[in-house]
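Peer 1:
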Amino acid sequence: MEETNVETITALFYEIWYLLVFSDKKKAAGYAWGLMGLTAKLAQSIGLHRNGSKSKVIPEEVEKRRSLFWELLYLDARLSLSLGRPPSLSINHMDCQRPSYTPDENCHPSESLHYYQEWKHSCYLYCLAPVLDAVSKPSLDYRTVLELDWKIRDFSIPSPLRNKDLQSRSLIMQKASLSTALEAVLLQLHRTFFTRALSGPEEAFNKRHKYAPSVVAVFLSASRMIATVQDLYHREAQLTARILGYWSNAFSAAVALCLLVSRAPFTCLSPAALQELERARILFRSAKDICPRALQVIPILETMIDKANDIYNRWSNGQELPTIVLRHITDEYGVESDGMGAMMPPPIQTDSQYETQDSFAEAHRSLAQCIVEVHQRAKALFPMRKPCTCSAKVVKPCPPSHSWAPPPNVPQQTSPVLPEVPPVLSLNAHQAMSPSVHGLSSSSSYSTGSPMHRTSSLRGSASPALSEPFGMGLYSSTVLPGDGPAIPQAPPLLSPTSKMAVVDTINFELGALNSSSDQSWMAFF
1 MEETNVETIT
11 ALFYEIWYLL
21 VFSDKKKAAG
31 YAWGLMGLTA
41 KLAQSIGLHR
51 NGSKSKVIPE
61 EVEKRRSLFW
71 ELLYLDARLS
81 LSLGRPPSLS
91 INHMDCQRPS
101 YTPDENCHPS
111 ESLHYYQEWK
121 HSCYLYCLAP
131 VLDAVSKPSL
141 DYRTVLELDW
151 KIRDFSIPSP
161 LRNKDLQSRS
171 LIMQKASLST
181 ALEAVLLQLH
191 RTFFTRALSG
201 PEEAFNKRHK
211 YAPSVVAVFL
221 SASRMIATVQ
231 DLYHREAQLT
241 ARILGYWSNA
251 FSAAVALCLL
261 VSRAPFTCLS
271 PAALQELERA
281 RILFRSAKDI
291 CPRALQVIPI
301 LETMIDKAND
311 IYNRWSNGQE
321 LPTIVLRHIT
331 DEYGVESDGM
341 GAMMPPPIQT
351 DSQYETQDSF
361 AEAHRSLAQC
371 IVEVHQRAKA
381 LFPMRKPCTC
391 SAKVVKPCPP
401 SHSWAPPPNV
411 PQQTSPVLPE
421 VPPVLSLNAH
431 QAMSPSVHGL
441 SSSSSYSTGS
451 PMHRTSSLRG
461 SASPALSEPF
471 GMGLYSSTVL
481 PGDGPAIPQA
491 PPLLSPTSKM
501 AVVDTINFEL
511 GALNSSSDQS
521 WMAFF
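Note that the sequence shown ends on residue 525 in the UniProt record's numbering; no numbers are left out.
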């Protein structure tokens with residue numbers, strides 16, 4: 001340590017990445033965290049956080065120092081957000097300028113890493129650092145969460161990485177890393193509020209719940225995380241199998257979807273969530289022979305998915321379950337129950353009062369659009385449902401699987417956020433059908449126009465090559481992945497004493513998970 005130099009910091013930087021991405025050690029993230037703190041102190045000891053142009057350093061060395069420090073900033077923020085710990089480096093205590101982002105030598109400009117590197121550093125400025133500051137506060141205003149959500153979804157993506165038909169291995173890996181990074185930030189941003197919304201019977205969960213946008217956001221990002229890893233595995237199986245970080249993220253995404261189905265099977269999100277869980281099952285089964293992480297978690301994953309399907313099937317047959325959070329306060333205006341069996345007349349609602357109860361009024365419009373289209377998919381997957389036979393006395397039956405009706409009002413010209421789904425098996429009709437997608441026929445194509453976004457001042461300077469950080473973002477066109485697998489036909493209901501019914505690998509019952517105890521299960525990097 002007496003002769004610390006740029007090469008020393010670079011070696012430690014790659015060791016941290018190895019621990020996070022390739023290591024299969026149980027405490028690899030903890031080791032990386034400790035090493036990151038040491039690396040940050042050593043980097044500051046040689047003035048890596050200061051503007052090197054003021055010292056007598058050759059230009060090539062200045063670029064090297066700048067690039068290394070901004071990579072450390074990005075990595076430190078990702079690691080801190082994943083573990084829920086304070087960062088070792090802060091943009092408030094540095095004046096190191098950003099590198100120039102020139103194409104790599106001996107590499108075609110279209111395949112160079114400079115696009116991805118520039119995006120990462122801009123992502124730190126406009127997404128990672130603001131989110132990390134927000135979630136670190138003791139009390140976080142939900143309006144701030146929705147504002148940050150807008151910025152992340154509209155954060156610009158370099159044009160070479162927006163192409164859906166990439167052939168270059170380099171660009172394919174860059175796009176996958178970019179996609180999983182943004183989804184991880186969204187999942188970390190909404191994770192606490194997602195868990196709160198589904199964590200107790202005190203407050204009924206429906207589309208008017210104040211944290212409903214976070215539930216939809218986690219559903220979207222978890223689905224996309226699984227689909228991104230699946231697409232990458234189909235293209236580069238051997239390489240993807242070695243990067244264990246992808247598989248850890250996909251597993252955590254599956255946990256989030258299982259929690260959603262187990263706690264709120266009555267929402268229109270649950271049928272699509274079951275589809276994405278089948279996608280995860282297929283993915284991990286196909287990779288278990290070459291990916292150690294897939295082989296390690298496949299027993300837990302299979303149990304969770306089977307349990308989620310069993311909970312949904314039990315609910316659809318009118319059984320009362322200890323996992324469901326809703327206490328029969330429906331989305332429609334009508335007679336409601338107070339959870340104790342007493343009838344409550346509906347309050348008199350004015351238009352202005354109804355608007356104040358729209359929890360999606362300030363959310364990104366892709367979330368409301370998602371509800372519209374998932375609503376249609378749910379009706380096609382599960383067109384019928386038996387009335388509820390729960391003990392609570394209610395005038396209306398429990399909402400059907402395609403609840404949250406009526407869906408939000410969206411302009412007819414709005415670009416659909418869900419891709420067209422393939423024919424799926426209806427569990428009740430036993431016939432193939434393809435659910436209609438809002439505003440899209442089978443011959444239509446998706447618009448690539450950017451949705452409207454809000455603008456506000458953000459800390460930090462703009463990128464030299466990215467003057468406008470918001471525009472054509474990851475959520476500019478389609479949101480949920482296509483080619484979702486069919487949900488398996490419902491098996492016979494399990495008895496309460498069966499092995500599957502009492503499995504306790506992950507307990508999804510109310511009170512078993514909360515915003516702090518689920519960190520290890522839903523830890524995205």
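For every residue, glycine included, the Cβ atom is placed at its ideal position computed from N, Cα and C.
1) Alpha carbon to alpha carbon, what distance is there between Gln188 and Ser82?
2) Taking 8 Å as the cut-off, decide whether the C-beta atoms of Ala222 and Leu257 are in contact.
3) For Ile16, I'd like the list of residues in its chain whose CB is within less than 6 Å of its CB, leaving aside the five on either flank, ordered along the chain.
4) Whole angstroms is fine: what's the gap from residue 535's alpha carbon to Ser139's?
5) Answer with buried or exposed for Pro213, where buried requires no fewer than 16 other C-beta atoms within 10 angstroms of its C-beta.
6) Can you tell me which of the three DSSP states Phe219 falls into?
7) Beta-carbon within less than 6 Å of Ala40's beta-carbon, same chain only, minus the 5 sequence neighbours each way: which residues are those?
8) Would you mind sorting Asn249 into buried or exposed? The rule is 16 or more other CB atoms within 10 Å of its CB.
9) Would you check if the segment 224-241 and the segment 279-296 touch, i.e. whether three or more CB-CB distances between them fall below 8 Å?
10) Is it the case that the Cβ atoms of Lys210 and Ser366 are separated by a distance below 8 Å?
11) If you draw a straight line from the alpha carbon of Tyr126 to that of His108, how long is it in whole angstroms?
12) Can you check the segment 255-335 for any alpha helix (DSSP H) of at least 4 residues that lies completely inside it and give the ranges in chain order?
13) Taking only the alpha-carbon atoms, compute the straight-line gap between Ser100 and Leu75 and give it to the nearest angstrom.
14) So, does the CB of Leu182 fall closer than 8 Å to a CB anywhere in chain B?
15) Is DSSP giving Ala342 helix, strand or coil here?
16) Out of curiosity, what's the CA-to-CA distance linking Asp24 and Arg208?
17) Can you tell me whether DSSP reads Cys370 as helix, strand or coil?
18) According to DSSP, is Ile16 helix, strand or coil?
19) Under a three-way DSSP split, which group does Val424 fall into?
20) Starting from Glu60, follow the alpha helix (DSSP H) in both directions and report where the run begins and ends.
21) Any idea what DSSP makes of Met94, helix, strand or coil?
22) Do Ser262 and Ile311 have their C-beta atoms closer together than 8 Å?
23) Any idea what DSSP makes of Phe193, helix, strand or coil?
24) Name the residue from Glu60, Ser270, Pro160 and Gln238 whose alpha carbon lies nearest to the alpha carbon of His375.
25) Less than 8 Å separating the beta-carbons of Leu73 and Ile9?
26) Relative to the C-alpha of His234, which candidate in Thr323, Gln174, Leu283 and Leu274 has its C-alpha closest?
27) Which class does Asn206 belong to by DSSP, given the choice of helix, strand or coil?
28) Give the range of the alpha helix (DSSP H) segment to which Arg242 is assigned.
29) Is it buried or exposed for Tyr18, if we count other Cβ within 10 angstroms and need 16 for buried?
30) Measuring CB atoms only, is the segment 146-161 touching the segment 177-195, in the sense that at least three cross pairs come out at less than 8 Å?
31) Report the rounded CA-to-CA distance for Arg65 versus Arg78, giving the unit in angstroms.
32) Taking the Cβ atom as the reference point for each residue, do Gln238 and Ile290 lie within a distance shorter than 8 Å?
33) Between Asn317, Ala272 and His364, which lies nearest to Ala380 when the distance is taken from Cα to Cα?
34) When the Cα of Val297 is compared with those of Val255, Lys307, Ala28 and Ala368, which residue comes out closest?
35) Could you have a look at Asn249 and say whether DSSP puts it in helix, strand or coil?
36) Going straight from the alpha carbon of Ala287 to that of Gly245, what length do you get?
Peer 2: Let me spell this out:
1) Here the question's residue 82 lines up with position 82 in the sequence shown. Here the question's residue 188 lines up with position 188 in the sequence shown. The straight-line gap from Cα to Cα measures roughly 7 Å.
2) On the sequence shown, residue 222 is found 222 positions in, with the first residue counted as 1. On the sequence shown, residue 257 is found 257 positions in, with the first residue counted as 1. Contact flag set, yes.
3) By 1-based counting over the sequence shown, the position of residue 16 is 16. The residues are Ala32, Leu35 and Met36.
4) No statement about residue 535 is possible, as the shown extent of the chain runs from 1 to 525 and does not include it.
5) As a working note, residue 213 is residue 213 in the sequence shown. Buried is the call here.
6) In the sequence shown, the residue the question calls residue 219 occupies position 219. Phe219 falls in the helix class under three-state DSSP.
7) Taking the first residue of the sequence shown as 1, we reach residue 40 at position 40. Taken in chain order, the residues that qualify are Ser88 and Leu89.
8) As a working note, residue 249 is residue 249 in the sequence shown. Flag for Asn249 reads buried.
9) yes
10) By 1-based counting over the sequence shown, the position of residue 210 is 210. By 1-based counting over the sequence shown, the position of residue 366 is 366. No, the pair does not count as a contact, with Cβ atoms beyond the cut-off.
11) As a position in the sequence shown, residue 126 is number 126, starting the count at 1. As a position in the sequence shown, residue 108 is number 108, starting the count at 1. Each residue's Cα considered, the two are about 28 Å apart.
12) Listed in chain order, the alpha helix (DSSP H) runs fully inside the segment 255-335 are 269-287 and 292-316, counting runs of at least 4 residues.
13) Translated into the one-based positions of the sequence shown, residue 100 becomes position 100. Translated into the one-based positions of the sequence shown, residue 75 becomes position 75. Between the C-alpha atoms of Ser100 and Leu75 there is a straight-line separation of about 19 Å.
14) Chain labels in this structure do not include chain B; a single protein chain is all it has.
15) Here residue 342 refers to the residue found at position 342 when the sequence shown is read from its first residue. Its pLDDT being 38, under 50, Ala342 is placed unreliably in this model, and the coordinates cannot settle the point.
16) Working through the sequence shown from its first residue, we reach residue 24 at position 24. Working through the sequence shown from its first residue, we reach residue 208 at position 208. Going by the C-alpha atoms only, they are around 42 Å apart.
17) As a working note, residue 370 is residue 370 in the sequence shown. In the structure shown, Cys370 sits in a helix (DSSP, three-state: H, G or I).
18) Stepping through the sequence shown from its first residue, residue 16 is reached at position 16. Three-state result, Ile16: helix.
19) Indexing the sequence shown from 1 puts residue 424 at position 424. Bear in mind that the predicted position of Val424 carries a pLDDT of just 36, short of 50, making it unreliable; the figure below should be weighed with that in mind. Three-state result, Val424: strand.
20) As a first step, residue 60 is located in the sequence shown; it is residue number 60 there, counting from the start. Its alpha helix (DSSP H) spans residues Pro59 to Leu83.
21) Residue mapping note: residue 94 aligns to position 94 of the sequence shown, counting from 1. If DSSP states are grouped into helix, strand and coil, Met94 belongs with coil.
22) Your numbering for residue 262 matches position 262 in the sequence shown. Your numbering for residue 311 matches position 311 in the sequence shown. Yes, these two residues count as a Cβ contact at 8 Å.
23) Taking the sequence shown and counting its residues from 1, the one referred to as residue 193 is at position 193. Here Phe193 sits in helix by DSSP.
24) The count along the sequence shown starts at 1 and reaches residue 375 at position 375. It is Ser270.
25) For this step, residue 73 is matched to residue 73 along the sequence shown. For this step, residue 9 is matched to residue 9 along the sequence shown. No; because the gap between Cβ atoms is not below 8 Å, this pair is not in contact.
26) Counting from one through the sequence shown, the residue named residue 234 turns up at place 234. Taking only the C-alpha atoms, the option nearest His234 is Leu283.
27) The count along the sequence shown starts at 1 and reaches residue 206 at position 206. Here Asn206 sits in coil by DSSP.
28) The residue labelled residue 242 in the question sits at position 242 within the sequence shown. Start and end: Ala237 to Arg242.
29) By one-based count along the sequence shown, residue 18 stands at place 18. So Tyr18 counts as exposed.
30) yes
31) The residue labelled residue 65 in the question sits at position 65 within the sequence shown. The residue labelled residue 78 in the question sits at position 78 within the sequence shown. Cα to Cα, Arg65 sits roughly 20 Å from Arg78.
32) Along the sequence shown, read from residue 1 onward, the residue named residue 238 stands at position 238. Along the sequence shown, read from residue 1 onward, the residue named residue 290 stands at position 290. In this structure, Ile290 lies closer than 8 Å to Gln238 by Cβ.
33) Within the sequence shown, numbered from 1, the residue matching residue 380 stands at position 380. The option with the nearest alpha carbon to Ala380 is Ala272.
34) The residue you call residue 297 lines up with position 297 of the sequence shown. Among Val255, Lys307, Ala28 and Ala368, the Cα nearest to that of Val297 belongs to Val255.
35) Here residue 249 corresponds to residue number 249 of the sequence shown, with the count starting at 1. Of the three classes helix, strand and coil, the one that applies to Asn249 here is helix, per DSSP.
36) Against the sequence shown, residue 287 aligns to sequence position 287. Against the sequence shown, residue 245 aligns to sequence position 245. A direct Cα-to-Cα measurement between Ala287 and Gly245 gives close to 14 Å.
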